[in-house]
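Numbering (this note's numbering), first residue to last: 289 to 382. All residues carry an ideal CB built from backbone N, CA and C; glycine is no exception. Below: one structure, written as structure tokens.
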């Protein structure tokens with residue numbers, strides 16, 4: 289198992305919707321054999337440029353340990369999700 293971090297920007301919405309989105313990706317990591325180490329919510333920030341007609345977004349950073357197949361599934365779901373503006377998965381150095 290390898291250590292990863294994923295940062296993603298959620299469309300600005302109500303707090304319940306944002307919590308549900310974060311829980312969705314946390315559960316996705318766990319169901320694919322991964323383990324979430326830490327979730328760091330940066331909150332709503334202004335974007336440098338408009339992304340999908342939004343000038344603000346809610347930043348979330350998740351540190352997790354997983355196999356590469358779990359990362360591929362996470363990226364696949366994030367790419368087709370309407371509530372995610374941008375995302376990036378990084379493998380941490382060992």
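Once DSSP output is grouped into helix, strand and coil, what is the label at residue i?
| i | result |
| --- | --- |
| residue 332 | strand |
| residue 304 | helix |
| residue 315 | helix |
In whole angstroms, give me the CA-to-CA distance for residue i and residue j.
| i | j | result |
| --- | --- | --- |
| residue 335 | residue 376 | 16 Å |
| residue 381 | residue 292 | 9 Å |
Just to confirm before moving on: does the CB-CB distance between residue i and residue j stay below 8 Å?
| i | j | result |
| --- | --- | --- |
| residue 373 | residue 299 | yes |
| residue 352 | residue 323 | yes |
| residue 309 | residue 371 | yes |
| residue 320 | residue 361 | yes |
| residue 313 | residue 333 | no |
| residue 290 | residue 357 | no |
Tell me where the beta strand (DSSP E) around residue i begins and ends.
| i | result |
| --- | --- |
| residue 343 | 342-354 |
| residue 379 | 372-379 |
| residue 291 | 290-298 |
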